[in-house]
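Everything below concerns the one structure shown next.
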C-alpha cells in the first residue's frame, strides 16, 4: 500500500493530542511530512509547544512548524474546556527538538510542490494556515490532492447556535478554503458529537502501558473530571474522527453539498451553510460527514492503542 503524503495542522489541545497519537500509530498508511500549529484552542505559543512535546513524548522527531498567531480578521477566542495550557492538567517533558524556521504555510507550499499533486492536508483547528498558503501561493490549488477538516456542521454549532468553534474562530480563512476548489471532506459536529467516550474505552486505554496509552489515559481522566465539574454529556474526541475518516473511510458516511461560510453575520458568523435544495445551482464542493459507525469507531480506536504494545 502506498502511503499518503500528509501534513497535519493542529491547534493542540486535548483532542488534538489524541489525533496526533492516532496519526503516529498509522504511519504504515500515512507519510507524515510535518505537523503545523495554529492558534485556536489556546494561543500559538501553547499550541506549538504542546504539539512539539506530544510528538516527542511519543518517540517521534517529525518536524513541527509554527503557523498563524491570530485569525485573519477577528480576535482569537480560546477554548476553556482544554484548560490553561491546552492539555488540561497533563504535563509532558519539554521536547529536546525545536521548530522549523519556515512558517506553516511555507512548509505546506514546499511539500505541495515536492509531492506533485499528491499531498493531503488534515486540519483540525482554525483554517488560518491553509488560507495563508492558498492566498500567498495561488498555484498551490491544483497541487493539493485533498483537504480533510474537523470543523463546521450542517445542523448547528457548539460555539454559537450556528457555528462550530474552529470555523467561528476564523470564518474568513474557512471561506477561502471552502471556495478554493480543492477537494474537501468536512468532518463536522454532525458526526463528532455522536460518539460519547464510554467507560470501557477509558478502561482499555488505561491498560495500555506505553507512552501512547499513558498520554491518552491521562487526557481521558482530565476529560472525565471536567465532565463531573461542569456537567453535560460524556466527552467527545472530535479531531481523531477526522483522522479516522482518512485511514478508515468505511466508518464515515458523507453526502456531497455545495457549501459556503458566513463571515459577517451577527448570529451566523462562522456558520457552514449547505445548499440542500441546489438553490445556488453550483456543483458540490464538500463531502460533508453525516453519519458514523460508532461501535466500529471505538473498536478501531482501542485496537489502534493496543497496537502500540506490539
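Numbering (this note's numbering), first residue to last: 744 to 1053.
The beta carbon of each residue, even a glycine, is placed where N, CA and C say it ideally should be.
- With a beta-carbon spacing of about 5 Å, residue 808 and residue 779 fall inside the 8 Å limit used to define contacts.
- If you look at residue 871, you'll find it in the alpha helix (DSSP H) that goes 871-879.
- If the five residues before and after residue 884 are omitted, its C-beta is found closer than 8 Å to the C-beta atoms of 877, 923, 924, 925, all from its own chain and listed in chain order.
- Short of 7 Å from the beta carbon of residue 935, and not among the five residues preceding or following it, lie these beta carbons of its own chain, in chain order: 893, 979, 981, 984.
- Counting of Cβ neighbours within 10 angstroms places residue 869 among the buried residues, the total reaching 16 or more.
- Judged by DSSP in its simplified three-state form, residue 1042 adopts helix.
- For residue 892, the three-state secondary structure derived from DSSP is strand.
- Taking a contact as a CB-CB distance under 8 Å, the pair residue 774 and residue 867 does not count as one, their CB atoms being some 18 Å apart.
- Secondary structure note for residue 1026: it is in no alpha helix (DSSP H), with a DSSP letter that is neither H nor E.
- In this structure residue 871 is buried. Its beta-carbon is surrounded by 16 or more other beta-carbon atoms within 10 angstroms.
- About 4 Å separates the beta carbons of residue 905 and residue 1014, which is inside the 8 Å limit, making them a contact pair.
- Rounded to the nearest angstrom, the Cβ distance from residue 931 to residue 822 is 16 Å, too far for a contact under 8 Å.
- Residue 905 carries a coil assignment under DSSP once its states are collapsed to helix, strand and coil.
- Counting C-beta atoms within 10 angstroms of its own C-beta, residue 875 has 16 or more neighbours from the protein chains shown and is therefore classed as buried.
- Residue pairing by DSSP places residue 823 opposite no residue, since no beta bridge is assigned to it.
- Ranked by how close their Cα comes to the Cα of residue 776, the residues 913, 828, 861, 834 have 861 in first place.
- Bounds of any alpha helix (DSSP H) do not take in residue 950, whose DSSP letter is neither H nor E.
- Here the alpha carbons of residue 1019 and residue 844 stand approximately 44 Å from one another.
- Residue pairing from DSSP places residue 998 in a beta bridge opposite 1031.
- In the structure shown, the three-state DSSP call for residue 867 is coil.
- Collapsing the DSSP output to three states places residue 752 in a strand.
- By the Cβ neighbour-count rule, residue 744 is exposed, with fewer than 16 other Cβ atoms within 10 Å of its own.
- For the segment 787-821, the continuous beta strand (DSSP E) assignments of 3+ residues that do not extend past its boundaries occur at 807-809, in sequence order.
- With fewer than 16 other Cβ atoms from the protein chains shown falling within 10 Å of its own Cβ, residue 834 counts as exposed.
- Residue 782 and residue 819 do touch by the CB rule: their CB atoms are close to 5 Å apart, below 8 Å.
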